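Undergrad: Once you've had a glance at the structure underneath, I'll fire off some questions.
Number of protein chains: 2
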Amino acid sequence: MRAALIVFDKMTYLDFVGFYDPLTRLKSMNIIPDFEWRILSNTPRVTDDRGAAGMKMVPDGVLEPLGGYDLLYVPGGHGTRTLQHDREFVEWLRTAAPAKFKVSVCTGALLLGAAGYLNGRRATTHPAALKDLERWCEAVLNERIVDEGNVITGSGVATSLDLGLHVVERLAGADARARVAAQMCYPYRP
Amino acid sequence: MRAALIVFDKMTYLDFVGFYDPLTRLKSMNIIPDFEWRILSNTPRVTDDRGAAGMKMVPDGVLEPLGGYDLLYVPGGHGTRTLQHDREFVEWLRTAAPAKFKVSVCTGALLLGAAGYLNGRRATTHPAALKDLERWCEAVLNERIVDEGNVITGSGVATSLDLGLHVVERLAGADARARVAAQMCYPYRP
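Sequences listed follow chains A and B, in order.
Each number in this note's numbering comes from the position in the first sequence (counting from 1) with 65 added on.
Each number in this note's numbering comes from the position in the second sequence (counting from 1) with 65 added on.
Shown next, in the form of structure tokens:
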């Protein structure tokens, strides 16, 4: 089981980490011992959406082909507004076509949509971006999580925690979800 | 208003970002226009607590004196177990003594404690570390947030979101908290 976790400039960090934390506990809590992931970007250094004082991170790889993964995760943030029209970035996301699961939170849905992964599907995004998503999918729903089987989209920012736990449950069952949520001290549920 | 946000090797990323996201919205949502922060570490590159595949970040400064800040924030993670006994790190945290607010989540409380900031105070930490905290404070409480006025500690990992919103409310009021929580799509409350 391998996950490709995408990061990019002007990403909202909590979009990413709220999903990353529960998902990577599949490995650190030995629930799926062979679970692996790589944090990948289109640039060698990523700064988030909080301006010059924002967080700076270093991805594991740049524009590496995404063909060998089971799950693609795309967070949101202001950077999505231009990236959805960036041919190189969108073509790169398309290399993840073989991945069984495509997952986004917040405006990451615009990027899944630009790559064609939302064609004929229902999806959601941050409440402020619902209109922007219409061009990329069959129907936009104002819900916390829209699970279309292998394409799963979440609402804004902090939804990333609920979405991460939802995917933990899809991959490893309700008991695993409960164990991960307890270790995270996360008592909430949509 | 200036905040020093501490990061270190083997930190739990969600401990940090769950607080960072609501706090920095004080600036990005123009609630406290002159709000500033720096992300500071004892090392020039930080990797989180998920092993070699974990997130790598670059802090804004290394061992910079912490004397000019109003708020000190310390996240937790496995790294705290050794850092609480690391003289250089603890002495560095002590340079934040003038800061009005000292805030931690999860096992970051062990570091606030090692620096002496929990002396005579009640505090909390991750449920799995309650016993470890006893040496560093007056009384350990198994609660989500313990607010002792200017020293505020939170329980594990995802408590960082509740704690961040709590501090937003302390600094800017209940209306600001509600606006930030809405923008984060975070409907929950302890």
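For glycine and all other residues, C-beta sits at the position ideal for the given N, C-alpha and C.
Keep in mind that this is a model prediction, so the values were computed, not measured.
(1) Counting only the same chain and skipping the five closest in sequence on each side, list residues whose C-beta sits under 6 Å from that of Leu-131/A.
(2) Output needed in chain order: residues of the segment 189-205 of chain A with a Cβ under 9 Å from some Cβ in chain B.
(3) Once DSSP output is grouped into helix, strand and coil, what is the label at Ser-106/A?
(4) DSSP state of Asp-86/A, grouped into three classes?
(5) Considering Ser-169/B, what are the terminal residues of the beta strand (DSSP E) in which it resides?
(6) Below 8 Å between beta carbons: does that hold for Pro-140/A and Phe-81/A?
(7) I'd like to know whether the C-beta of Met-76/B is nearer than 8 Å to at least one C-beta of chain A.
(8) With three or more beta-carbon pairs closer than 8 Å as the criterion, would you say the segment 192-211 of chain B touches the segment 91-102 of chain B?
(9) Which bits of chain A does Met-94/B rub up against, with CB to CB less than 8 Å?
(10) Going by the CB atoms, is the gap between Gly-83/B and Leu-226/B shorter than 8 Å?
(11) Check whether the Cβ atoms of Pro-255/A and Arg-209/A sit closer than 8 Å, and answer yes or no.
(12) So who's on the other strand from Arg-67/A, going by DSSP bridges?
(13) Once you ignore the five residues that flank Arg-187/A on each side, which residues in its own chain have a CB closer than 7 Å to its CB?
(14) Among Lys-167/B, Gly-144/B, Leu-183/B, whose alpha-carbon lies nearest the alpha-carbon of Asn-215/B?
(15) Measure how close the beta-carbons of Gly-142/B and Asp-114/B come, nearest whole angstrom, since I'm counting them as under 8 Å.
(16) Leaving out the 5 sequence neighbours to the left and right, which residues in its chain are closer than 8 Å to Val-155/B when beta-carbon positions are compared?
(17) Which same chain residues end up closer than 8 Å to Val-111/B when comparing Cβ atoms and leaving out the 5 residues on each side of it in sequence?
(18) Pull up the distance between the alpha-carbon of Thr-189/A and that of Leu-228/A, whole angstroms please.
(19) Is there a C-beta anywhere in chain B that falls below 8 Å from the one on Val-232/A?
(20) At 4 residues or longer, what runs of the alpha helix (DSSP H) sit wholly inside the segment 168-205 of chain B?
(21) Under 8 Å, Cβ to Cβ, is there at least one residue of chain A near Gly-83/B?
(22) Would you mind sorting Gly-133/A into buried or exposed? The rule is 16 or more other CB atoms within 10 Å of its CB.
(23) Between which two residues does the alpha helix (DSSP H) containing Leu-136/A stretch?
(24) According to DSSP, Gly-126/A sits in a beta bridge with which residue or residues?
(25) If we define contact as Cβ-Cβ less than 8 Å, is Ala-237/B a contact residue for chain A?
(26) Do Val-222/B and Leu-105/B come within 8 Å of each other at the CB atom, strictly closer than that value?
(27) Can you pull out the residues from the segment 112-123 of chain A whose beta carbon lies closer than 7 Å to at least one beta carbon of chain B?
(28) Please classify Gly-144/B: does DSSP put it in a helix, a strand, or coil?
(29) For a contact meaning CB atoms closer than 8 Å, what does Gly-221/A contact in chain E?
(30) Put Asp-151/A into one of helix, strand or coil per three-state DSSP.
(31) Skipping 5 residues on each side, what residues in its chain have a beta carbon closer than 6 Å to that of Thr-145/B?
TA: Walking through what the data contain:
(1) Ala-69, Thr-160, Ala-161
(2) His-191, Pro-192, Ala-193
(3) strand
(4) helix
(5) 166-170
(6) yes
(7) no
(8) no
(9) Chain A residues near Met-94/B: none, gap ~11 Å exceeds 8 Å.
(10) yes
(11) yes
(12) Glu-101/A
(13) Cys-202, Glu-203, Ala-204, Leu-206, Val-211, Glu-213
(14) Lys-167/B
(15) 5 Å
(16) Leu-148, Gln-149, Leu-176, Ala-179, Ala-180
(17) Val-72, Phe-73, Asp-74, Met-76, Lys-121, Met-122, Val-123, Pro-124
(18) 12 Å
(19) no
(20) 173-179, 195-198
(21) yes
(22) exposed
(23) Here Leu-136/A belongs to no alpha helix (DSSP H); instead the beta strand (DSSP E) covers 136-139.
(24) Leu-105/A
(25) no
(26) no
(27) Arg-115, Ala-118, Met-120, Lys-121, Met-122, Val-123
(28) coil
(29) Absence of chain E from the displayed structure is noted, the protein chains being A and B.
(30) coil
(31) Thr-172, Leu-175, Leu-176
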